[in-house]
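*Asks:* Residue numbers (the numbering used here): 18 to 107. Below are the structure tokens for one structure; questions will follow.
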């Protein structure tokens, strides 16, 4: 169930809201005059969401390249070359 609070709680109970976000890993939805206004997230959850968005963007880009017929390298061939490079330097 979403945690919905009025904007006055953000001012009056900011430490409580911060603690809730950090411990529950859930957002708090803030309303202003009964209408949704903003969402408060822990920095950990925000960074996780940003990383997921970045990953999805990269996957979409890779799929577009594959669909357009761009040159590609077999994963196992790439991994074998990478291992050889790493072992050659260690």
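Beta carbons are placed, not taken as given, at the ideal position from N, Cα and C, and that holds for glycine.
Would you kindly check if the distance between the Cβ of residue 28 and the Cβ of residue 59 is under 8 Å?
*Replies:* No, these two residues do not count as a Cβ contact at 8 Å.
*Asks:* Taking the alpha helix (DSSP H) that residue 29 falls in, what are its first and last residues?
*Replies:* Segment 24-29, the alpha helix (DSSP H) holding residue 29.
*Asks:* What does a CB cutoff of less than 6 Å around residue 61 pick up in its chain, not counting 5 residues either side in sequence?
*Replies:* No residues qualify anywhere along the chain.
*Asks:* For residue 25 and residue 91, I'd like the C-alpha separation in whole angstroms.
*Replies:* Each residue's alpha carbon lies about 56 Å from the other.
*Asks:* Alpha carbon to alpha carbon, how far is residue 80 from residue 86?
*Replies:* If I take the Cα positions, the gap works out to 10 Å.
*Asks:* Identify, in the order they occur along the chain, each residue of the same chain with its Cβ nearer than 7 Å to the Cβ of residue 19, setting aside the five sequence neighbours on each side.
*Replies:* Cβ neighbours of residue 19 beyond the five flanking positions: 46.
*Asks:* In chain order, what residues of the same chain lie with their CB nearer than 8 Å to the CB of residue 42, ignoring the 5 residues before and after it?
*Replies:* So the qualifying residues of the chain are 59, 61, 62.
*Asks:* Only counting the same chain, and skipping five residues up and downstream in sequence, which positions put a Cβ closer than 7 Å to that of residue 99?
*Replies:* Result list for residue 99: empty, nothing under 7 Å.
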